[in-house]
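Please read the structure below before turning to the comments.
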Amino acid sequence: MIKVGILGATGAVGQRFVQLLARHPWFELTALCASDRSATKCYREVVNWRLDVAFPDSIGDLIVRRTDPKELDDVSLVFSALPADIASKVEVDCAKAGIGVCSNASSHRMEKHIPLVIPEVNPEHLELIDAQRKEGWDGFIVTNPNCSTIMLSTSLTPIQPLGFSDVKVATMQAISGAGFQGVAAMSIYDNVIPYIGEEEEKMERETLKILGTLKGDSVTDAPIQVSASCHRVPVIDGHTMAVWVNTPASPEKVKDAFRNYVPKISGLPSLPKKSLELLLEKDRPQPRLDRNRGDGMTVSVGRIREGIRYITMGHNTIRGAAGASVLNAELISQRKYL
Ligand SMILES: NC(=O)c1ccc[n+]([C@@H]2O[C@H](COP(=O)([O-])OP(=O)(O)OC[C@H]3O[C@@H](n4cnc5c(N)ncnc54)[C@H](OP(=O)(O)O)[C@@H]3O)[C@@H](O)[C@H]2O)c1
Numbered sequence: 244m245i246k247v248g249i250l251g252a253t254g255a256v257g258q259r260f261v262q263l264l265a266r267h268p269w270f271e272l273t274a275l276c277a278s279d280r281s282a283t284k285c286y287r288e289v290v291n292w293r294l295d296v297a298f299p300d301s302i303g304d305l306i307v308r309r310t311d312p313k314e315l316d317d318v319s320l321v322f323s324a325l326p327a328d329i330a331s332k333v334e335v336d337c338a339k340a341g342i343g344v345c346s347n348a349s350s351h352r353m354e355k356h357i358p359l360v361i362p363e364v365n366p367e368h369l370e371l372i373d374a375q376r377k378e379g380w381d382g383f384i385v386t387n388p389n390c391s392t393i394m395l396s397t398s399l400t401p402i403q404p405l406g407f408s409d410v411k412v413a414t415m416q417a418i419s420g421a422g423f424q425g426v427a428a429m430s431i432y433d434n435v436i437p438y439i440g441e442e443e444e445k446m447e448r449e450t451l452k453i454l455g456t457l458k459g460d461s462v463t464d465a466p467i468q469v470s471a472s473c474h475r476v477p478v479i480d481g482h483t484m485a486v487w488v489n490t491p492a493s494p495e496k497v498k499d500a501f502r503n504y505v506p507k508i509s510g511l512p513s514l515p516k517k518s519l520e521l522l523l524e525k526d527r528p529q530p531r532l533d534r535n536r537g538d539g540m541t542v543s544v545g546r547i548r549e550g551i552r553y554i555t556m557g558h559n560t561i562r563g564a565a566g567a568s569v570l571n572a573e574l575i576s577q578r579k580y581l
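Residue numbering for the sequence shown follows my numbering, starting at 244 and increasing by one per position.
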């Protein structure tokens with residue numbers, strides 16, 4: 244078993260990590276870190292558990308540690324669910340101290356030698372770890388994309404061989420995407436908020452890197468344009484997106500591409516049976532009905548229409564965050580980087 248820790252273990256994504264790692268077959272969760280407000284206290288005392296699964300007892304007794312690589316000499320890998328401004332320095336400190344970091348934070352995603360990976364889509368980008376090693380890091384940083392970009396990029400992957408240069412997307416994003424304290428109840432009930440800070444920019448640039456080509460020690464962006472409009476809606480979990488892609492392919496060809504999609508990887512414990520699932524009912528996917536497909540790791544697509552227009556949806560704190568990082572860590576382990 245590989246000993247692992249979580250940074251930001253008390254937050255919305257941190258709690259998902261606890262859920263996914265508590266009984267993981269390859270990783271043993273031994274370290275939980277948070278801010279100085281929570282450090283030195285028992286995890287069960289400081290966490291405001293909000294998930295619809297039982298709190299794992301063994302984890303509840305762990306004492307929360309300070310967020311400092313010096314507190315982490317018993318683990319070889321950490322999962323980061325830190326706010327971006329905090330992650331920026333801490334993650335580099337960990338990598339320099341010989342600890343691998345699988346990060347959800349946006350701080351390093353676009354840096355030249357930092358892989359931005361969805362294992363089914365661009366596993367080869369992990370090779371950028373070799374460039375980090377040449378820079379003298381004993382550890383590494385590997386990132387997963389923003390919680391909406393993962394659904395968009397996964398759904399675009401089977402269509403990429405059919406050819407397109409322009410993508411438009413309008414998101415309907417769940418409130419859990421803003422973190423545990425994120426959106427005030429009085430702001431989101433009975434409402435739609437047509438602005439999420441920096442979300443559109445992240446979708447527009449991250450998608451190009453993920454669908455891009457690894458050349459030497461960097462990634463050349465995919466030659467496409469993405470234009471995004473992001474909105475917060477009163478849904479707890481599950482980001483839904485309406486997508487327009489200017490491919491010459493017919494709806495039937497696109498449906499076939501979705502149906503026949505085969506991920507580039509296999510043999511990982513968190514890999515769902517279907518990474519992408521085509522739903523044929525005319526009113527699907529829906530967050531409440533479809534977010535838990537594949538234990539929250541399946542991206543659903545539906546309503547493929549002339550244009551091409553379609554809807555995609557996935558669980559933002561599992562497929563879009565903690566589950567994505569855990570799958571990255573499994574790939575890293577399978578490829579012997581740990
Ligand atoms: N929510 C999503 O769907 C989602 C999806 C993809 C990516 N992300 C990214 O994942 C990260 C975490 O998001 P979240 O939604 O889980 O946020 P959150 O619920 O606000 O949790 C933040 C976590 O960071 C800790 N923290 C805050 N300030 C700290 C400090 N100065 N030093 C050490 N730890 C500190 C908090 O600990 P305390 O409890 O002690 O304050 C808490 O554990 C963010 O970068 C976010 O952009 C989120």
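We treat Cβ as the ideally placed atom computed from N, Cα and C, and that holds for glycine.
| Check | Outcome |
| --- | --- |
| For V544, the nearest candidate out of R475, A565 and T400 (CA to CA) | T400 |
| Burial state of P268 (16 or more Cβ within 10 Å) | exposed |
| P358, buried or exposed, once every other Cβ within 10 Å from all chains shown has been counted against 16 | buried |
| Environment of N291 [buried if 16+ CB atoms lie within 10 Å] | exposed |
| Touch test, the segment 390–397 against the segment 543–557, Cβ-Cβ under 8 angstroms, three pairs minimum | yes |
| Nearest to L574 (by Cα), restricted to the options D328, A330 and E363 | E363 |
| Reduced DSSP secondary structure (H/G/I, E/B, other) of L305 | coil |
| F212 vs A565 beta-carbon contact at 7 angstroms | The structure shown does not extend to residue 212, since the chain is modelled only from 244 to 581, so the question has no answer here. |
| Where Q424 falls, given that 16 or more other Cβ within 10 Å makes a residue buried | exposed |
| 3-residue-minimum beta strand (DSSP E) runs that sit fully inside the segment 357–393, ordered along the chain | 383–386 |
| Reduced DSSP secondary structure (H/G/I, E/B, other) of T400 | helix |
| Proximal residues to E314 (C-beta, below 6 angstroms), its chain only, five neighbours per side dropped | R308 |
| Stretch pair the segment 510–520 + the segment 412–422: three plus CB contacts closer than 8 angstroms | no |
| beta-carbon C390 near ligand 1 non-hydrogen atom, thresh 6 angstroms | yes |
| beta-carbon I384 near ligand 1 non-hydrogen atom, thresh 6 angstroms | no |
| Check: G563 C-beta below 6 angstroms from any heavy atom of ligand 1 | yes |
| Contact test: R376 Cβ vs ligand 1 heavy atom, cutoff 6 angstroms | no |
| Contact with chain B by K507, beta-carbon distance below 7 angstroms | The structure shown contains no chain B; it holds only a single protein chain. |
| For A274, the first and last residue of its enclosing beta strand (DSSP E) | F270 to A277 |
| Spatially closest choice to S472 from E443, I453 and S576, by CA coordinates | E443 |
| Nearest candidate by alpha-carbon position, reference H368, set I384, E378, G379 and L250 | I384 |
| L196 CB to nearest heavy atom of ligand 1 below 6 angstroms | Since the displayed the chain opens at 244 and closes at 581, residue 196 lies outside it and no answer follows. |
| Candidates G539, C276, P312 and K525: closest to K221 by CA position | This structure does not reach residue 221, given that the chain is present from 244 up to 581, and the question cannot be answered. |
| Three-pair Cβ contact test at 8 angstroms for the segment 476–496 versus the segment 397–416 | yes |
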